[in-house]
Each structure stands twice: as structure tokens, then as C-alpha cells.
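Inspection log for the structure reproduced underneath, given as C-alpha cells.
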């Protein structure tokens with residue numbers, strides 16, 4: 523009787539083990555697939571989850587400089603510092619403006635050298651382009667940029683990994699002013715105010731025809747609403763963070779350094 527009981531238990535154990543193996547085999551492709559998606563899905567920072575009222579305004583420079591002096595004067599009048607993402611070919615054409623932007627206390631980010639469609643290039647070419655602009659901007663300003671904005675806002679795992687290999691944080695935007703569509707200043711102001719919130723990142727262009735007027739009107743309204751405009755490097759977390767793949771929101775993990783803390787750079 524004792525032998526029969528032990529054999530039955532052994533048979534039951536073998537059956538349970540076989541069932542577990544079959545379930546594991548059936549589930550493993552799904553588990554691996556989900557894990558791969560989580561691991562491989564890379565997104566830039568669109569906005570930052572914050573408990574205060576800080577947000578950022580940024581300007582991309584790729585096609586001209588006509589409005590830049592007026593824009594810098596307006597920012598000075600309101601005591602606001604922002605982030606300018608400069609393309610390399612623009613910086614070579616307007617080196618005096620690169621130096622002027624930096625001298626006025628604004629942050630400078632890398633917007634690629636040639637402003638190509640990075641998704642169409644191999645990773646090594648992306649790195650080569652970014653490094654070329656990095657060296658140029660560093661020579662002109664004496665400061666190494668740590669922020670990168672993809673040309674055309676186009677990105678992929680490959681693009682973000684190339685930027686990260688050089689120490690860059692890849693930055694998108696959460697509010698597009700649409701100044702590149704030559705919309706009115708009033709339209710831009712209303713659009714930004716409707717979407718303003720803690721951790722938001724606004725996209726403008728330095729050469730937008732109505733951008734200075736929009737910024738002149740917008741800044742006091744943001745201040746009246748309790749917002750503080752800061753450079754993007756003072757908005758983001760440098761370490762111990764996650765970026766939600768479905769939203770691009772950067773969130774702090776326990777023990778993260780305060781926004782703007784830590785060291786980074788290619």
C-alpha cells in the first residue's frame with residue numbers, strides 16, 4: 523500500500539510538472555514579445571511630471587535669424603531663460619548669433635548638423651552628424667550641449683540610442699505653437715495657454731514671423747497664471763527616471779536627483 527501511494531504521488535507530480543512546462547512553452551513567446559517591446563520601445567522626453575508650476579519654452583533655429591534680436595530682447599525684458607536648439611549649418615552661417623544666445627544666458631541644444639531625416643540613416647551616420655554639431659557648438663560657446671532635438675521631430679530606437687551614446691537627452695515637445703505655419707500671434711498665445719501646465723515643453727522657432735509678438739504677449743500671461751519658465755535642463759531629471767512609452771512623460775523614480783542635477787555630456 524505504501525508503494526502504491528508513493529507511485530500515485532509521483533505520477534501526480536509528473537503530470538503537474540508536464541502541465542507547467544506546456545503552459546510555460548505556450549506563454550513564453552508572448553512573454554518574450556512583451557518584454558522585447560518594453561525593452562526596445564524608446565521615446566524622447568515630451569514633458570516632465572512635476573509637482574510645481576515650472577515649464578519650458580524652446581526655439582528651433584534652422585532657416586533664418588531675422589527675428590532673433592527682437593526675441594532675445596523680449597526674453598531679457600521678462601527675465602526668462604529658454605533653450606535654443608541649433609542646427610549646425612545654421613550655427614556656421616550665424617556664429618555671432620550662437621555666441622549672442624549663449625551670452626544672454628540661454629541654453630543651447632543640438633538640433634543635428636545637416637537637419638536630415640535621421641530615420642533614413644544608419645546609426646553611425648547619425649552619431650557622426652551629432653558629433654560634428656556638438657564640436658561646433660562647443661567651440662562657439664565654450665559649453666558642451668547635453669540636449670538633442672531630432673530634426674523634424676522624427677525619432678526611432680536607433681536615433682535615441684545614437685544620441686544617448688554621446689550623452690544626450692533626447693527632447694521632443696508637448697505643445698507646438700505652430701509658428702512654422704505662419705499663424706497669427708493671437709492664435710499661438712491662445713493655443714499655448716489652453717495647453718499650459720507643469721512640465722510642458724513648448725516649441726517655437728527663432729525665425730517665425732509672428733513669434734516675437736506671441737512670446738511678448740505670452741510670457742506675462744504665463745507668469746500671471748503662476749508658471750515659471752525655465753531652460754529644459756532645469757525641467758528634466760538627469761538620472762533615476764522613466765519615460766512612459768505611450769506618452770513621452772518623464773517621471774521621477776525614488777531617489778532621483780532634483781531636476782537639473784547631476785552631470786552629463788558627450
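Residue numbers (the working numbering): 523 to 788. The beta carbon of each residue, even a glycine, is placed where N, CA and C say it ideally should be. Computed from a predicted structure; not experimentally measured.
Proximity test, Cβ basis, 8 Å: residue i and chain D
i: residue 775; result: No chain D is present in this structure, which holds just one protein chain.
Pair within 8 Å by beta-carbon distance, residue i and residue j
i: residue 725; j: residue 582; result: yes
i: residue 754; j: residue 634; result: no
i: residue 659; j: residue 608; result: yes
i: residue 590; j: residue 611; result: no
i: residue 623; j: residue 643; result: no
i: residue 576; j: residue 766; result: no
i: residue 578; j: residue 771; result: no
i: residue 729; j: residue 588; result: yes
i: residue 596; j: residue 691; result: no
i: residue 723; j: residue 569; result: yes
i: residue 698; j: residue 731; result: no
i: residue 629; j: residue 773; result: no
i: residue 649; j: residue 687; result: yes
i: residue 667; j: residue 637; result: no
i: residue 627; j: residue 693; result: no
i: residue 701; j: residue 564; result: no
i: residue 676; j: residue 639; result: yes
i: residue 720; j: residue 574; result: yes
Where the beta strand (DSSP E) through residue i begins and ends
i: residue 655; result: Run containing residue 655: none in the beta strand (DSSP E); it sits in the alpha helix (DSSP H), 645-663.
i: residue 763; result: 763-765
i: residue 723; result: 723-727
i: residue 771; result: 771-774
Where the alpha helix (DSSP H) through residue i begins and ends
i: residue 681; result: 679-687
i: residue 708; result: 707-717
i: residue 610; result: 610-615
i: residue 738; result: 733-746
For residue i: DSSP bridge partner residues
i: residue 751; result: 577
i: residue 631; result: 607
i: residue 692; result: 670
i: residue 697; result: 724
Segments of 4+ residues assigned as alpha helix (DSSP H) that fall wholly inside the region 568-608 = If only uninterrupted alpha helix (DSSP H) runs of at least 4 residues are considered, those enclosed by the region 568-608 are 590-599.
Determine contact between the region 755-762 and the region 606-616, defined as no fewer than three beta-carbon pairs at a distance below 8 Å.
-> Touching, no, given that fewer than three Cβ pairs across the two stretches are closer than 8 Å.
Do the region 591-607 and the region 737-748 touch if we need at least three Cβ pairs shorter than 8 Å?
-> Yes, they touch.
Decide yes or no for the touch test of the region 691-710 against the region 642-657: beta carbon pairs closer than 8 Å, at least 3 of them.
-> Result no; under three Cβ-Cβ pairs closer than 8 Å.
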